[in-house]
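Participant:
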Amino acid sequence: MRYRFLLPIICVLTAAFPVSSAFGQNHEGNRAWEEIFYQANQDYREGNFQEAVESYQQLIRTGHDVPRIHYNLGNTWFRMNQLGRAILAYERAQIDMPRDADLNFNLAHARDQVVDAILPSKGFFSMAFFWLPTVSQSELFWCFAMLNLLLCAALLIRLFHRFEWLFYGLLLVLCLWLVTGLSLGMKWAQIHDDHRAVILQKEVEVLAGPHDGDTVLFKLHEGAIVEQERSEGGWRLIHLPDKKRGWLSGSVLELISPDFDDAKP
206 MRYRFLLPII
216 CVLTAAFPVS
226 SAFGQNHEGN
236 RAWEEIFYQA
246 NQDYREGNFQ
256 EAVESYQQLI
266 RTGHDVPRIH
276 YNLGNTWFRM
286 NQLGRAILAY
296 ERAQIDMPRD
306 ADLNFNLAHA
316 RDQVVDAILP
326 SKGFFSMAFF
336 WLPTVSQSEL
346 FWCFAMLNLL
356 LCAALLIRLF
366 HRFEWLFYGL
376 LLVLCLWLVT
386 GLSLGMKWAQ
396 IHDDHRAVIL
406 QKEVEVLAGP
416 HDGDTVLFKL
426 HEGAIVEQER
436 SEGGWRLIHL
446 PDKKRGWLSG
456 SVLELISPDF
466 DDAKP
């Protein structure tokens, strides 16, 4: 009976680690992927940017949406003077490459060229978990899994040994486990509930309603990042951190998280 409390920990561990097997690919698939990736990079170096874009997008459509491809795609769009699409690709790459120096530099450089100076709003949780932008979801997942193992080991040792230092060590591991678990939950929510969208056209008019003839409220420019509230008949209701709201055609912007991009024409 005294070991029953270990059951939830064991369940978490056994459910977590089989995930790694989903990343396996056969040898022929890897070879085809590498050939397309190499040719896309070659097209980029030779200035054949449209061909490079098509190859990168082909890899993403077939499930090879690794961060490096989004990063290379962003560089290609930037060289084609497609600022909005470049920022969109950089933002998607940053989800899994939050500390990449080249990516962060290029994204900051692209943001500096955006006409609209829109500063993202920061709530209580984003300030409390200030380290979240510097870590990826996969890093937090594996850190949490390792802490589960460490906590389980510490609890097992505690059953047979009553060292004072072990008690304080167990408290430290438990605190780290709680913080990492909360951070993982917050990171998951940020990624899977991300309704930020990037303006893709040079200049767009934000309207008072979802109709072409409605009153123009204000204008936005390529590369600006807005929050989408909802979509309706090919239109999207967006808002800015300063509480400005209005409607845009679904064809002039794209969500950073493609899971929510349900209003494409």
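So the working numbering is basically just the index in the sequence shown, starting at one, shifted up by 205. Note that beta-carbon positions come from the ideal geometry of N, C-alpha and C, so glycine has one too.
Suppose only complete runs of 4+ residues qualify. What are the alpha helix (DSSP H) ranges in the stretch 291–328, listed by chain order?
Facilitator: As far as the stretch 291–328 is concerned, its whole alpha helix (DSSP H) runs of at least 4 residues are 306–317.
Participant: Got a sec, what are the start and stop residues for the alpha helix (DSSP H) K392 sits in?
Facilitator: Residues 369–397.
Participant: If we call anything under 8 Å between Cβ atoms a contact, is L337 one with K392?
Facilitator: Cβ distance < 8 Å, so L337 and K392 count as in contact.
Participant: Assuming V403 and K424 make a contact with CB atoms under 8 Å, what is their CB distance in whole Å?
Facilitator: So it is not a contact: roughly 16 Å between Cβ atoms.
Participant: Does DSSP put V431 in a helix, in a strand, or in coil?
Facilitator: V431: strand per DSSP, three-state reduction.
Participant: Does the beta carbon of M391 fall short of 7 Å from some heavy atom of the ligand FMN?
Facilitator: As far as ligands go, the structure on display features none, and thus does not contain the ligand FMN.
Participant: Counting only C-beta atoms, is W440 closer than 8 Å to chain D at any point?
Facilitator: In the structure shown, chain D cannot be found, because there is only a single protein chain.
Participant: Alpha carbon to alpha carbon, how far is I430 from P446? Give it in angstroms, no decimals.
Facilitator: So the alpha carbons of these two residues sit roughly 10 Å apart.
Participant: In terms of residue numbering, what span does the beta strand (DSSP E) encompassing W336 cover?
Facilitator: Taken as a continuous stretch (DSSP letters only), W336 belongs to no beta strand (DSSP E), as it is neither H nor E.
Participant: Taking a contact to mean a Cβ-Cβ separation below 8 Å, would you say V457 touches V421 in this structure?
Facilitator: For V457 and V421, no; Cβs fall outside 8 Å.
Participant: Work out the CA separation of D307 and A291 for me, nearest whole Å.
Facilitator: Taking the straight line from one Cα to the other gives about 14 Å.
Participant: Can you tell me the Cα-Cα spacing of F310 and R367, whole angstroms?
Facilitator: Their Cα atoms are separated by approximately 51 Å.
Participant: DSSP beta-bridge partners for L425?
Facilitator: DSSP, once it has assigned bridges, lists V409 as partnering L425.
Participant: Note the first and the last residue of the continuous alpha helix (DSSP H) segment covering V258.
Facilitator: 254–266 is the extent of the alpha helix (DSSP H) around V258.
Participant: Touch check for the stretch 281–289 and the stretch 379–386: three-plus C-beta pairs under 8 Å?
Facilitator: No: the two stretches stay apart, fewer than three of their Cβ pairs being nearer than 8 Å.
Participant: Is it buried or exposed, R304, if we count other Cβ atoms within 10 angstroms and call 16 or more buried?
Facilitator: Under this definition R304 is an exposed residue.
Participant: Going by alpha carbons, who is nearest to D417 out of W452, Q262, E344?
Facilitator: Per the Cα distances, W452.
Participant: Sort out for me which residues DSSP pairs W440 with in a bridge.
Facilitator: Bridge partners of W440: E437, S454.
Participant: My output table needs one value for L460: the three-state DSSP class, helix, strand or coil.
Facilitator: It is a strand residue.
Participant: Answer with buried or exposed for D248, where buried requires no fewer than 16 other C-beta atoms within 10 angstroms of its C-beta.
Facilitator: When all chains shown are included, D248 counts as buried.
Participant: Can you check DSSP and say which residues form a bridge with V271?
Facilitator: According to DSSP, which records beta bridges pairwise, V271 is partnered with nothing at all.
Participant: Output the distance between the C-alpha atoms of E459 and L371, rounded to the nearest integer angstrom.
Facilitator: When rounded, the distance between both Cα atoms is 52 Å.
Participant: I need the straight-line Cα distance from F335 to R401, nearest angstrom please.
Facilitator: Answer to the nearest angstrom: the Cα atoms are 19 Å apart.
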